[in-house]
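Numbering (full-length UniProt numbering), first residue to last: 1 to 337.
All residues carry an ideal CB built from backbone N, CA and C; glycine is no exception.
This report concerns only the one structure given below.
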Amino acid sequence: MKMKKVETFASIFGEDHSEVPSEKTDGTTSLRLEDLIPFKNHPFKLYEGDRFKDMVESIKNYGVIVPIVVRKIDDKYEILSGHNRVNAAKEAGLTEIPTVIKEGLTEEEATLIVTETNLMQRSFSELAHSERATVIATRHHAMKSQGVRNDLLDEIETLSKAPDLAQDETCGPLDHKLKTRDKLGEEYGLSPRSITRYIRLNHLNNGLKDLVDEGKIAMRAGVDLSYLSEDNQEMVEAIISEDTFKVDMKKAALIRRYERESKLNWNTAQKIISGDMLKSTGKVKPFKLQPTIISKYFNPNDDKKAIEKTIEKALDFYFSQMKNQSSDIEEGEEMIE
1 MKMKKVETFA SIFGEDHSEV PSEKTDGTTS LRLEDLIPFK NHPFKLYEGD
51 RFKDMVESIK NYGVIVPIVV RKIDDKYEIL SGHNRVNAAK EAGLTEIPTV
101 IKEGLTEEEA TLIVTETNLM QRSFSELAHS ERATVIATRH HAMKSQGVRN
151 DLLDEIETLS KAPDLAQDET CGPLDHKLKT RDKLGEEYGL SPRSITRYIR
201 LNHLNNGLKD LVDEGKIAMR AGVDLSYLSE DNQEMVEAII SEDTFKVDMK
251 KAALIRRYER ESKLNWNTAQ KIISGDMLKS TGKVKPFKLQ PTIISKYFNP
301 NDDKKAIEKT IEKALDFYFS QMKNQSSDIE EGEEMIE
């Protein structure tokens, strides 16, 4: 395939962004749009509506300023960074696009380019839950891996024209002074527990991730469902999609329990997801607290309604603490460390 040389990498980004040694930079070439293919299982939502129209108009007026990043796959080039630019360039009537071709990448390194460059072009708060899960899980794996090239992580910033990202020793991508969950929590403004949940969420299949993004599965419920086998995830996805049910934490926890007990099948899953199982098993027979328990914590003159309210708050606090302790052990120690 014929490729023509265009502007150099340094001339596009400027000399002040040339932190990557020149011998590690491929330079920029122009590739035909018809020779490009999307990244397999691309995890990010593509631009649409006004945002896409604005990009098309910008390209019509100024061209594609920041080159896309690709790697060669057989006789095609797989897009690592620039899916929106490619789509907008096609809409703008272009036939070629400036490109940086990366060679010798591992699958991990290719995925890291996909996630990091997308994050640099958008705010983390803009991302859907599934997109956040992909970003965090990929970065977490990279931070714990000894084989990821430091130069590639630095070059990702240059490829995305993001010199404002922290580069010092305490904030570098592979800094190990803090635990990986704590480090990621600082970067993304999340608690270590939330980081752990997003990493777990990345174990959902793509269909269930979409349902989390659509709000049909609560985020915390998605964490529970991520422990299901692939077959059971597909079954749950089919049931939710078929009848447009929603899954909250109670339903997800019950589904997971039934799988552990080898009782989960289509009928039981359907009853849980529809709410029928909870209706039949969720009622507790009324009972009275022993007077000795009441007198232990309350005064004889306390109002009955106030006592009930206090007991309710105490139970809410107790069960939330039990849930958090279980979450820390199961999601933190077992999976992360």
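- Nonlocal neighbours in the same chain, by C-beta distance under 8 Å from methionine 249, ignoring five residues either side: Within the sequence shown, numbered from 1, the residue matching residue 249 stands at position 249. Ala218, Arg220, Ala221, Asp224, listed in sequence order.
- Throw me the rounded Cβ distance for the alanine 110 and valine 56 pair, which I believe falls under 8 Å. If you number the sequence shown from 1, residue 110 lands on position 110. If you number the sequence shown from 1, residue 56 lands on position 56. Contact annotation, alanine 110 with valine 56: C-beta distance approximately 27 Å; criterion of less than 8 Å not satisfied.
- Inter-residue Cα distance where the pair is isoleucine 307 and lysine 271: For this step, residue 307 is matched to residue 307 along the sequence shown. For this step, residue 271 is matched to residue 271 along the sequence shown. Rounded to the nearest angstrom, the two C-alpha atoms are 36 Å apart.
- Can you check DSSP and say which residues form a bridge with tyrosine 227? Working through the sequence shown from its first residue, we reach residue 227 at position 227. Listed as beta-bridge partners of tyrosine 227 by DSSP are no residues whatsoever.
- Item | 3-residue-minimum beta strand (DSSP E) runs that sit fully inside the region 64 to 104, ordered along the chain | The region 64 to 104 contains these whole beta strand (DSSP E) runs: 68 to 73, 76 to 81, 96 to 101.
- Should the region 198 to 218 be called in touch with the region 116 to 136, which here means at least 3 C-beta pairs below 8 Å? In short, these stretches touch, since the Cβ pair count reaches three.
- Collapsed DSSP secondary structure at serine 123 in the structure displayed: Position 123 of the sequence shown, counting from 1, holds the residue named residue 123. DSSP places serine 123 in coil when its eight states are reduced to three.
- Task: Taking 8 Å as the threshold, find out whether the region 33 to 47 comes into contact with the region 65 to 80 through three or more Cβ pairs.
- Result: By the C-beta criterion, the region 33 to 47 is judged to be in contact with the region 65 to 80, since at least 3 inter-stretch pairs fall below 8 Å.
- Taking all protein chains shown into account, decide if leucine 289 is buried (16 or more other Cβ within 10 angstroms of its Cβ) or exposed. Mapped onto the sequence shown, residue 289 falls at position 289. Residue environment: leucine 289 is assigned as exposed (fewer than 16 neighbouring CB atoms within 10 Å of its CB, all protein chains considered).
- Query: How many Å lie between glutamate 230 and leucine 184 at the Cα?
  - Reply: On the sequence shown, residue 230 is found 230 positions in, with the first residue counted as 1. On the sequence shown, residue 184 is found 184 positions in, with the first residue counted as 1. Going by the C-alpha atoms only, they are around 28 Å apart.
- Query: Nearest to lysine 216 by alpha carbon, out of Ile239, Ile195, Arg197, Thr138?
  - Reply: Taking the sequence shown and counting its residues from 1, one reaches residue 216 at position 216. Scanning Ile239, Ile195, Arg197, Thr138 for the CA closest to the CA of lysine 216 turns up Ile239.
- Query: If we call anything under 7 Å between Cβ atoms a contact, is proline 98 one with serine 30?
  - Reply: On the sequence shown, position 98 is the one that residue 98 refers to. On the sequence shown, position 30 is the one that residue 30 refers to. Cβ distance < 7 Å, so proline 98 and serine 30 count as in contact.
- Would you check if the distance between the CB atom of tyrosine 227 and the CB atom of arginine 256 is smaller than 7 Å? Translated into positions along the sequence shown, residue 227 becomes position 227. Translated into positions along the sequence shown, residue 256 becomes position 256. In this structure, arginine 256 lies closer than 7 Å to tyrosine 227 by Cβ.
- Quick one, are the C-beta atoms of aspartate 213 and alanine 89 less than 7 Å apart? In the sequence shown, residue 213 corresponds to position 213, counting from 1. In the sequence shown, residue 89 corresponds to position 89, counting from 1. Cβ distance not < 7 Å, so aspartate 213 and alanine 89 don't count as in contact.
- Query: Could you give the residue range of the alpha helix (DSSP H) that holds leucine 31?
  - Reply: Residue 31 sits at position 31 when you count from the first residue of the sequence shown. No alpha helix (DSSP H) contains leucine 31, which is instead part of the beta strand (DSSP E) from 29 to 32.
- Message: For a test of the three-state rule: what should DSSP assign to leucine 211, helix, strand or coil?
- Response: Counted from its first residue, the sequence shown places residue 211 at position 211. In the three-state scheme derived from DSSP, where H, G and I count as helix and E and B as strand, leucine 211 is classed as helix.
- Message: Applying the 10 Å Cβ sphere with the 16-neighbour rule, what's the burial state of tyrosine 198?
- Response: Mapped onto the sequence shown, residue 198 falls at position 198. Counting every other CB atom within 10 Å of its CB across the protein chains shown gives tyrosine 198 a total of 16 or more, marking it as buried.
- Message: Taking 8 Å as the limit between beta carbons, can you name the residues of its chain near arginine 85, skipping five residues before and five after?
- Response: The residue you call residue 85 lines up with position 85 of the sequence shown. Excluding positions up to five away in sequence, the list reads Met55, Ile59, Val64, Val66, Ile68, Ile97.
- Rounded straight-line distance, which links the Cα of threonine 196 to that of alanine 252: Locating residue 252 in the sequence shown gives position 252, where the first residue counts as 1. Locating residue 196 in the sequence shown gives position 196, where the first residue counts as 1. Near 18 Å, if we compare the C-alpha coordinates of threonine 196 and alanine 252.
- Message: If distances are taken between C-alpha atoms only, which option among Arg51, Phe52, Ile37 comes closest to residue 358?
- Response: Outside the displayed span of the chain (1 to 337) sits residue 358, for which this structure offers no information.
- Query: Roughly how many whole angstroms lie between the Cα atoms of arginine 32 and threonine 180?
  - Reply: Position 32 of the sequence shown holds residue 32. Position 180 of the sequence shown holds residue 180. Straight through space, the alpha carbons of threonine 180 and arginine 32 are spaced by roughly 41 Å.
- Query: So, helix, strand or coil for residue 338, using DSSP?
  - Reply: The requested residue 338 does not occur in the structure, where the chain is confined to residues 1 to 337.
- Just the Cα atoms here: how many angstroms apart are glutamine 321 and alanine 314? In the sequence shown, the residue the question calls residue 321 occupies position 321. In the sequence shown, the residue the question calls residue 314 occupies position 314. Rounded to whole angstroms, glutamine 321 to alanine 314 spans 11 Å at the Cα level.
- Message: Please report whether the beta-carbon of proline 43 lies at a distance below 7 Å from any beta-carbon of chain C.
- Response: No chain C is part of this structure, which consists of one protein chain only.
- Message: On the CB-based measure, 16 or more other CB atoms within 10 Å of its CB, does tyrosine 258 come out buried or exposed?
- Response: Indexing the sequence shown from 1 puts residue 258 at position 258. Within a 10 Å sphere around the beta-carbon of tyrosine 258 sit 16 or more other beta-carbons, which makes this residue buried.
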